[in-house]
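Let me begin by presenting the structure, written as structure tokens, before commenting on it.
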Amino acid sequence: MTSDGLAVRTGAPATPPGRRGRRHVDVPDLVTRARDGEPRAVARLISLVEDASPVLREVAAALAPHTGHAQVLGLTGSPGVGKSTTTTALVRALRRGGRRVGVLAVDPSSPFSGGALLGDRVRMQEHAGDRGVYIRSMASRGHLGGLAWATPQAVRVLDAAGCDVVLVETVGVGQSELEIASLADTTLVLVAPGMGDGIQAAKAGILEVADVLVVNKADRDGADQTVRDLRYAQSLGGRHTGPGAWRPPICRTVAAREEGVDRVLEQVEAHRRWLEASGEEARRRAERAAREIEAIALAGLRERMGEVRGSAALAALADAVVAGETDPYRAADRLLGQL
Ligand SMILES: Nc1nc2c(ncn2[C@@H]2O[C@H](COP(=O)(O)OP(=O)(O)OP(=O)(O)O)[C@@H](O)[C@H]2O)c(=O)[nH]1
Ligand SMILES: [Mg+2]
158 MTSDGLAVRT
168 GAPATPPGRR
178 GRRHVDVPDL
188 VTRARDGEPR
198 AVARLISLVE
208 DASPVLREVA
218 AALAPHTGHA
228 QVLGLTGSPG
238 VGKSTTTTAL
248 VRALRRGGRR
258 VGVLAVDPSS
268 PFSGGALLGD
278 RVRMQEHAGD
288 RGVYIRSMAS
298 RGHLGGLAWA
308 TPQAVRVLDA
318 AGCDVVLVET
328 VGVGQSELEI
338 ASLADTTLVL
348 VAPGMGDGIQ
358 AAKAGILEVA
368 DVLVVNKADR
378 DGADQTVRDL
388 RYAQSLGGRH
398 TGPGAWRPPI
408 CRTVAAREEG
418 VDRVLEQVEA
428 HRRWLEASGE
438 EARRRAERAA
448 REIEAIALAG
458 LRERMGEVRG
468 SAALAALADA
478 VVAGETDPYR
488 AADRLLGQL
């Protein structure tokens, strides 16, 4: 790793998808430069991921031998709970410990990364002079496979670029927290007092994905109640109750004042040791790789299905169904067989 390391590059460029894909890409050179920590090369590789560039196949092959080092932390929670503030505080604490950090701020609801995370970007500017931090906003851009497809590949880029820790921040809406949990070694779920969050989180099944629970805004009234709610919800059972299971600790933070963040990192470290000792780390990583393969295969299938639409083969099958010569199930089997 060179001395200039990584640097902040917030947000994705405004170039429309597809346009960059047509420019010649010298993949080996790009990967070498990214591994040397050149921020522009890292940015370019993540853009190729976002754009679902045809050269990604080559990129993935070149990155593969250099991945598997980074610790991936997922950070999720309701809108406004303090995810970005916490991320900023975590980045600072990790940097004090000399660790190289990559941050992916993933917006599952936005088709474009331009603007959606502007507030985050402004706040993250404080790291702008730090070459050991790389920050990037990502959006699904509506491409095939969406975030489940793009995020792990972006994590691989940051991993290969020498990040010790990759933080993936995403708002907990719909399926996104489940996706993030399947991506991360350790998932932090943030809740805040006064948002009915302890109970809400339990209802929404968010507790199930948490490895570390963080009650942020502990400077506000109701923090004790929120901790009690969470303890109660935990006592009701779930995947954390078996013998030898990891029982998610509950940490209090005031992220805005960076209070309690060191303790969160201690718990993350304790979880990492548990993952290693229990064999869960290997299991999670294998599961993650399986999901990644699945997402890529599904995207490929959808693409081929797209080519089938309007084709003569499909028209012939449709005619056969209309004529009663076959049924839609058998026709679909035939179609799948042709893919
Ligand atoms: N009182 C108090 N306010 C906080 C604390 N942490 C964050 N905030 C404030 O809460 C607001 C939301 O914080 P963000 O970090 O933007 O929250 P977020 O979860 O990233 O929000 P979205 O990305 O919009 O979902 C900001 O005004 C923060 O200053 C805290 O510990 N105590
Ligand atoms: Mg945020």
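Every number in the numbering used here is 157 more than the matching position in the sequence shown, counting from 1.
For glycine and all other residues, C-beta sits at the position ideal for the given N, C-alpha and C.
(message) Quick check: the Cα distance between V372 and E438, rounded to an integer number of angstroms?
(response) The count along the sequence shown starts at 1 and reaches residue 372 at position 215. The count along the sequence shown starts at 1 and reaches residue 438 at position 281. Approximately 25 Å, taken between the alpha carbons.
(request) Count the other C-beta atoms from every protein chain shown that fall within 10 angstroms of the C-beta of T308, then say buried if there are 16 or more, exposed otherwise. (result) On the sequence shown, position 151 is the one that residue 308 refers to. Counting Cβ neighbours within 10 Å, T308 comes out buried, since at least 16 surround it.
(message) Can you tell me whether K374 sits near ligand 2, meaning its C-beta is under 7 Å from at least one heavy atom of the ligand?
(response) Residue 374 sits at position 217 when you count from the first residue of the sequence shown. False, no ligand heavy atom lies under 7 Å from that Cβ.
(request) Given a cut-off of 8 Å, decide if D342 and L432 are closer than it, judged by their beta-carbon atoms. (result) Taking the first residue of the sequence shown as position 1, residue 432 is located at position 275. Taking the first residue of the sequence shown as position 1, residue 342 is located at position 185. Result yes, Cβ atoms of L432 and D342 sit closer than 8 Å.
(request) Using only alpha-carbon positions, find the residue among H428, G319 and G237 that is nearest to G225. (result) Here residue 225 refers to the residue found at position 68 of the sequence shown. Closest in C-alpha terms to G225, from the list H428, G319 and G237, comes G319.
(message) Taking the alpha carbon of T383 as the reference point, which residue from R214, L347 and H397 has its own alpha carbon closest?
(response) Stepping through the sequence shown from its first residue, residue 383 is reached at position 226. Residue L347 is the option with its Cα nearest to T383.
(message) Assess contact between the segment 199-217 and the segment 309-317, defined as three or more Cβ pairs (one per stretch) separated by less than 8 Å. Is contact present?
(response) yes
(message) With the cut-off set at 8 Å, would you say E411 and K374 are in Cβ contact?
(response) Working through the sequence shown from its first residue, we reach residue 411 at position 254. Working through the sequence shown from its first residue, we reach residue 374 at position 217. In the sequence on display, residue 411 carries Val and not Glu. Cβ distance < 8 Å, so V411 and K374 count as in contact.
(message) I'd like to confirm something about S241: is its beta-carbon nearer than 7 Å to some heavy atom of ligand 4, or not?
(response) Ligand 4 is not among the ligands present in this structure, which contains only ligand 1 and ligand 2.
(message) Do G239 and V258 have their beta-carbon atoms positioned less than 8 Å apart in this structure?
(response) Here the question's residue 258 lines up with position 101 in the sequence shown. Here the question's residue 239 lines up with position 82 in the sequence shown. In this structure, G239 does not lie closer than 8 Å to V258 by Cβ.
(request) Leaving out five residues on either side along the sequence, give the residues of the same chain with a beta carbon under 8 Å from the beta carbon of A427. (result) Start at 1 with the first residue of the sequence shown, and residue 427 comes out as number 270. Result list for A427: P406, in chain order.
(request) Classify A191 as buried or exposed, calling it buried when 16 or more other Cβ atoms lie within 10 Å of its own Cβ. (result) Here residue 191 corresponds to residue number 34 of the sequence shown, with the count starting at 1. Buried, because 16 or more other Cβ atoms sit within 10 Å of the Cβ of A191.
(request) Report yes if the C-beta of R377 is less than 7 Å from at least one heavy atom of ligand 1; otherwise report no. (result) Translated into the one-based positions of the sequence shown, residue 377 becomes position 220. Yes.
(message) According to DSSP, simplified to helix, strand and coil, what is G463?
(response) For the purposes of this step, residue 463 is taken as residue 306 along the sequence shown, with counting starting at 1. It is helical.
(request) Give a yes or no on whether 8 Å exceeds the smallest Cβ distance from P400 to chain B. (result) This model lacks chain B altogether; it includes just one protein chain.
(request) Report yes if the C-beta distance between V418 and T327 is below 8 Å; otherwise report no. (result) Counting from 1 along the sequence shown, the entry for residue 418 is found at position 261. Counting from 1 along the sequence shown, the entry for residue 327 is found at position 170. No. Outside cutoff.
(message) Give me, in chain order, the residues of the same chain whose beta-carbon lies closer than 7 Å to that of G401; leave out the 5 immediate sequence neighbours on both sides.
(response) Residue 401 sits at position 244 when you count from the first residue of the sequence shown. For G401, where only same-chain residues beyond five positions count, the Cβ hits under 7 Å are S435.
(message) ligand 1 and P236: does the residue's C-beta get closer than 7 Å to at least one heavy atom of that ligand?
(response) Numbered from 1 along the sequence shown, position 79 holds the residue referred to as residue 236. At least one heavy atom of ligand 1 is nearer than 7 Å to the Cβ of P236, so yes.
(message) Let me confirm a value: M295 is counted as buried when at least 16 other C-beta atoms fall within 10 Å, else exposed. Which label applies?
(response) Taking the first residue of the sequence shown as position 1, residue 295 is located at position 138. Burial call: buried.
(request) Answer yes or no: do A477 and A488 have a C-beta to C-beta separation smaller than 8 Å? (result) Numbered from its first residue, the sequence shown carries residue 477 at position 320. Numbered from its first residue, the sequence shown carries residue 488 at position 331. A contact, by the Cβ cut-off of 8 Å.
(request) Apply the 10 Å Cβ neighbour rule to R293 and answer buried if 16 or more other Cβ atoms are within range, or exposed otherwise. (result) The count along the sequence shown starts at 1 and reaches residue 293 at position 136. Buried.
(request) Give the range of the alpha helix (DSSP H) segment to which G225 is assigned. (result) Position 68 of the sequence shown holds residue 225. No alpha helix (DSSP H) contains G225, which DSSP labels as neither H nor E.
(message) From the DSSP secondary-structure annotation, give me the bridge partner or partners of A262.
(response) Counting from 1 along the sequence shown, the entry for residue 262 is found at position 105. In the DSSP assignment, the residues bridged to A262 are S294 and E326.
(request) Locate the beta strand (DSSP E) running through R409, then write down its first and last residues. (result) In the sequence shown, residue 409 corresponds to position 252, counting from 1. R409 -> beta strand (DSSP E) spans I407 to R409.
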